[in-house]
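Peer 1: First, the structure itself, so that you have it in front of you.
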Amino acid sequence: MHIEDVMQTYGDYLTRVAYLYMKDEMLAEDVVQDVFVKFYQSAQFEGRASLKTYLVRMTINRCYDELRKQQRKKESFFAKIFRRTDQTPESMAVAKTEMGEVTTALLNLPLAQREAIIFYYYEEMTSVEIAELLGISESTVRMRLKRAREALRKVLTDMEWGDEV
475 MHIEDVMQTY GDYLTRVAYL YMKDEMLAED VVQDVFVKFY QSAQFEGRAS
525 LKTYLVRMTI NRCYDELRKQ QRKKESFFAK IFRRTDQTPE SMAVAKTEMG
575 EVTTALLNLP LAQREAIIFY YYEEMTSVEI AELLGISEST VRMRLKRARE
625 ALRKVLTDME WGDEV
């Protein structure tokens, strides 16, 4: 079976499976595309299960990889802002609640500051890359990041976090 036939036969189904995990159509399509590329590049399918089962398993595994990557980005973002190092189960539960508050605070920032934070922490771009992308100077990017961090700290401290921040 040629790769085109495989993509035609299973593409829509795998995209629906990926969507159930990713909850985002574009990410689901990216995952399925990665699965087909990996399937094409590696000849690991041995025929012990059906091709559909094999591709679904590959899709699910790729979704898990992507979700872990996204979680690491969120945790990294949170850690960089608050410099937290405690990792007890209780602190992790509190951190999950706080993450929702951080997201809310982030969404309330002015667009320029929010944009800088998202590109820097979520997209892991450097200040030079952000400056090129936005067509502004690197010092402007650094200033937006500084102001955004200060605003987030203030908002979150006002939410009665006390000494935790």
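475 is the number of the first residue of the sequence shown in our numbering; add one for each residue after it.
Don't be surprised by glycine CBs; every beta carbon is placed ideally from N, CA and C.
Indicate the three-state DSSP secondary structure (helix, strand or coil) for E499 in the structure shown.
Peer 2: By one-based count along the sequence shown, residue 499 stands at place 25. Three-state DSSP puts E499 in a helix.
Peer 1: Between which two residues does the alpha helix (DSSP H) holding M617 run?
Peer 2: Residue mapping note: residue 617 aligns to position 143 of the sequence shown, counting from 1. Looking at the DSSP string, the run of the alpha helix (DSSP H) that includes M617 is E612 to L630.
Peer 1: So, is A579 buried or exposed, given that buried needs 16 or more other C-beta atoms within 10 angstroms?
Peer 2: Stepping through the sequence shown from its first residue, residue 579 is reached at position 105. Answer is buried; the Cβ neighbour count reaches 16.
Peer 1: Residue range of the alpha helix (DSSP H) that A605 falls in?
Peer 2: For the purposes of this step, residue 605 is identified with residue 131 of the sequence shown, where counting begins at 1. Counting along the chain, the alpha helix (DSSP H) containing A605 begins and ends at S601 to L608.
Peer 1: In angstroms, rounded to a whole number, what distance separates the CA positions of A605 and K547?
Peer 2: Your numbering for residue 605 matches position 131 in the sequence shown. Your numbering for residue 547 matches position 73 in the sequence shown. About 21 Å.
Peer 1: On the premise that T527 lies in contact with V505, defined as a C-beta separation below 8 Å, what is that separation, rounded to the nearest angstrom?
Peer 2: By 1-based counting over the sequence shown, the position of residue 505 is 31. By 1-based counting over the sequence shown, the position of residue 527 is 53. The Cβ separation is near 17 Å, so there is no contact.
Peer 1: Spatial neighbours of L529 within its chain, please: C-beta separation below 8 Å, excluding the five flanking residues on both sides.
Peer 2: Against the sequence shown, residue 529 aligns to sequence position 55. Once the five neighbours on either side are set aside, the close Cβ partners of L529 are V480, Y484, L488, V509 and F513.
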